[in-house]
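When you line the sequence shown up against UniProt numbering, it's residues 1 to 129, in that order.
From the three backbone atoms N, C-alpha and C, an ideal C-beta is built for every residue, glycine too.
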Amino acid sequence: MASEKEAALAAAPSDSPTIFDKIINKEIPANIVFEDDKVLAFRDIAPQAPTHIVLIPKVKDGLTGISKAEEQHFEILGRLLYTAKLIAKQEGLEDGFRLVINDGPKGCQSVYHLHVHLLGGRQMNWPPG
Ligand code: AMP
């Protein structure tokens, strides 16, 4: 199986539908931990920590990544972060957690539908590798 870095380098930035659209449309299964009308959150299929959840906007609206954000996205961006905090509490991550947004090939982004990683359940290190 390709490493995260190889997967990211192989993924060309594009506005085409991604695997996350299939999860939104319930065409493929996902372990969903939170859903409302704007945000969907599910457990990452290749967890990098005991808790590893991916939060996505249900409507991409051009947000292939955070580098495509415009003023029209203020509400959904704030909602994603606030929802991450709610899920961290739901997951019992009182001692801390990490939120990550990868962007573009050098940021190791592999899926071009904006998403926030919520990682927790172990000690994080800084700086990241
Ligand atoms: P990124 O590398 O930041 O673009 O993150 C994409 C994440 O989506 C990776 O951590 C993958 O493991 C995760 N992922 C890809 N496909 C699925 C899937 N079907 N279900 C859950 N997570 C997935």
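How would you label residue i, buried or exposed, when you count the other beta carbons within 10 angstroms and need 16 or more for buried?
i: G120; result: buried
i: F74; result: exposed
i: Y112; result: buried
i: V59; result: exposed
i: A46; result: exposed
i: Q72; result: exposed
i: Q109; result: buried
i: L80; result: buried
i: I76; result: buried
i: I87; result: buried
i: M1; result: At M1, the pLDDT of 43 sits below 50, so the modelled position is not reliable; the number obtained from the coordinates is stated separately. Exposed: under 16 other Cβ atoms inside 10 Å.
My understanding is that residue i touches residue j, with C-beta atoms under 8 Å, so please give their C-beta distance in whole angstroms.
i: V116; j: A84; result: 6 Å
i: G62; j: G104; result: 15 Å between Cβ atoms; not a contact.
Of all the alpha helix (DSSP H) runs that stay within the bounds of the UniProt domain "HIT" (19-129), which reach a length of 4 or more residues? Runs of the alpha helix (DSSP H) inside the UniProt domain "HIT" (19-129): 19-24, 74-90.
Under 8 Å, with one C-beta from each stretch per pair, do the region 25-36 and the region 2-11 reach the 3-pair mark? no
Touch test, the region 53-70 against the region 36-44, Cβ-Cβ under 8 Å, three pairs minimum: The region 53-70, when compared against the region 36-44, does touch it at the 8 Å Cβ threshold.
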